[in-house]
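Quick notes on the structure that follows.
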Amino acid sequence: MKCHDVRRYLSPYMDSELEATTTYEIVQHLENCHACREIVAAEERLERSIVGAMRRAEPGDDEIWKRVVTAGVGRRRRPRVQILVAASVFAAACVFLVFWAAPRQDLISCLRRDFELVETGRSALDVVASEPQALERFFAERMGKAVRVAPIDEFQLHGARVCSLRGAPTAFILYRKDGMRASVAIFDAEKLAGFAGADRDRTLWRDDAGKVHVVAVRSGGKIIGVAGSAPIDELEKLCNAFRE
Ligand SMILES: [Zn+2]
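So for the sequence shown, the working numbering puts the first residue at 42; every next one is plus one.
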């Protein structure tokens with residue numbers, strides 16, 4: 042396995058979504074490649090800071106924890122079973138907190154991070170093509186479902202990849218315009234129910250702080266997230282082109 046292969050698999054590798062042989066090959070490569078090790082370490086630090094931000098305690102958390110733990114552990118179970126049950130309840134509660142108590146900002150971080158990974162060459166595109174049909178064929182083969190790739194006058198299609206956002210397969214499409222790039226990520230809204238809390242078809246998120254701007258909307262059963270260095274109004278147009 043070569044450096045560019047490792048970087049291409051970086052996101053599924055970190056989400057433990059690769060098959061064992063690929064994971065093994067990556068681990069082997071990392072043992073001998075300082076540059077790739079540095080990239081993985083940087084990603085892990087970022088991941089930890091995001092999770093840390095998500096897990097910051099909120100007023101009322103203690104109460105929720107007490108209720109979850111008390112409700113989940115049966116009084117008549119043996120201690121060993123209790124520990125196991127408590128551990129599963131704890132794990133479930135972590136998932137609960139990560140998904141349901143996550144601040145809205147987190148989706149923005151994920152979308153921004155995915156764009157930056159491709160922009161800086163740390164994640165490679167799976168396919169480079171400028172025809173919507175070619176990318177639609179790619180998604181149909183790779184994800185086993187149809188993804189509509191919107192042609193839009195102002196932007197040129199550049200390529201695509203399949204990545205994962207919190208374990209949910211995500212179609213990622215890259216556009217170009219005057220040397221600027223913009224990425225569109227499309228995923229099932231129900232997989233990220235905790236990020237929502239807003240009405241159908243309403244613009245959920247809009248963030249123009251920093252160099253990379255992000256817009257996300259819920260449309261139908263999907264959330265469409267657009268990140269890029271183009272002005273946020275342009276990103277919003279791109280986002281709207283994907284609405285159902
Ligand atoms: Zn390497």
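Cβ coordinates follow ideal geometry from the N, Cα and C atoms, glycine included.
Below 8 Å on the Cβ atoms is my contact criterion, and I expect residue i with residue j to pass it. Report the Cβ-Cβ distance as a whole number of Å.
i	j	result
methionine 55	glutamate 84	6 Å
alanine 226	aspartate 155	6 Å
alanine 201	phenylalanine 213	6 Å
leucine 176	alanine 257	Actually they do not touch by this definition, with Cβ atoms about 20 Å apart.
Take residue i as the anchor and find which of the options has the nearest alpha-carbon.
i	options	result
glutamate 285	Asp229, Ala268 and Lys252	Asp229
tyrosine 65	Met42, Cys77 and His75	Met42
aspartate 46	Glu160, Arg153, Leu166 and Ser57	Leu166
glutamate 58	Ala257, Cys204 and Glu195	Cys204
serine 90	Cys280, Ser150, Lys278 and Val159	Ser150
Assuming contact is defined by CB atoms lying nearer than 7 Å, are residue i and residue j in contact in what I supplied?
i	j	result
serine 164	leucine 276	no
valine 168	phenylalanine 179	yes
leucine 215	serine 171	no
If you draw a straight line from the C-alpha of residue i to the C-alpha of residue j, how long is it?
i	j	result
alanine 181	isoleucine 264	19 Å
histidine 254	glycine 269	5 Å
lysine 218	isoleucine 273	13 Å
glutamate 231	arginine 259	10 Å
valine 267	glycine 220	17 Å
methionine 184	proline 210	8 Å
leucine 148	alanine 76	28 Å
phenylalanine 283	cysteine 44	34 Å
leucine 87	aspartate 248	19 Å
lysine 252	threonine 161	13 Å
valine 188	threonine 63	27 Å
glutamate 195	alanine 271	11 Å
cysteine 74	valine 81	11 Å
isoleucine 193	tryptophan 246	21 Å
arginine 49	glutamate 157	13 Å
histidine 70	valine 159	21 Å
proline 53	glutamate 72	19 Å
proline 173	glycine 262	21 Å
cysteine 280	isoleucine 67	35 Å
lysine 186	lysine 278	25 Å
Fill in: alpha helix (DSSP H) segments (min. 4 residues) lying fully within the stretch 56-83
61-73
Item to complete: Can you check the stretch 154-198 for any alpha helix (DSSP H) of at least 4 residues that lies completely inside it and give the ranges in chain order?
Response: 173-184
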